[in-house]
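Note that the working numbering has the sequence shown beginning at 35, numbered continuously upward. Even for Gly, the Cβ is constructed at its ideal location relative to N, Cα and C.
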Amino acid sequence: MTEDQKFTVFFSTWVVLGVISFLLLFVNKNAIFKKKVFPSFLIIVGVLFGGFTAWMEGSVKAVAWMYPFIALIMFLNYKLTKFCPKCGSTNYNRMMFTSMKYCQKCGESLEETESQPVK
Ligand SMILES: [Zn+2]
Numbered sequence: 035m036t037e038d039q040k041f042t043v044f045f046s047t048w049v050v051l052g053v054i055s056f057l058l059l060f061v062n063k064n065a066i067f068k069k070k071v072f073p074s075f076l077i078i079v080g081v082l083f084g085g086f087t088a089w090m091e092g093s094v095k096a097v098a099w100m101y102p103f104i105a106l107i108m109f110l111n112y113k114l115t116k117f118c119p120k121c122g123s124t125n126y127n128r129m130m131f132t133s134m135k136y137c138q139k140c141g142e143s144l145e146e147t148e149s150q151p152v153k
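1) My guess is that Tyr-101 and Leu-76 are in contact by the Cβ rule of under 8 Å, so how many angstroms apart are they, rounded?
2) Cβ atoms of Leu-59 and Lys-68: under 8 Å apart, would you say?
3) For the alpha helix (DSSP H) containing Phe-75, list its first residue and its last residue.
4) What would DSSP say about Asn-62, mapped onto helix, strand or coil?
5) Near Lys-139, what residues of its chain come up, given a Cβ to Cβ distance below 8 Å and the 5 sequence neighbours on each side ignored?
6) Using 7 Å as the cut-off, classify the Cβ of Glu-154 as near or not near the heavy atoms of ligand 1, replying yes or no.
7) Do the CB positions of Phe-103 and Phe-44 come within less than 8 Å of each other?
8) Quick check on the burial criterion: 16 or more other C-beta atoms within 10 angstroms. Buried or exposed for Met-108?
Written as structure tokens, this is what we have:
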């Protein structure tokens, strides 16, 4: 497979993942479902990205240094994303070192309580 073909496969996969991610995180308003599938989705994306970089480079060794960063990005995405229990919207905390307490859309508390676990 040529470099251009490899790039086309990589790019097409990323477009498909982008559409799935948009539907899952922004169209879907079922917070319970999102909480359930989000960790698996992140793992799939991380593994695919790691796999693609190795495939395109032709060697796992050449890109292995990236893997801890990919894992860190996936972990941060997991920790910084919360789903509102009231309106179901996806809240992404861009202020990494402060905690996100309220839904950016409806103002509902995102703090975890025993009766209403957020994550
Ligand atoms: Zn909300």
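Per the coordinate set shown:
1) Incorrect: roughly 14 Å between the Cβ atoms, too far for contact.
2) yes
3) That run of the alpha helix (DSSP H) goes 65-91.
4) Per DSSP, reduced to three states, the secondary structure at Asn-62 is coil, with no helix or strand assignment.
5) Cys-118, Cys-121, Ser-123 and Asn-125
6) Because residue 154 is not part of the residues shown, which for the chain are 35 to 153, the question remains open.
7) no
8) buried
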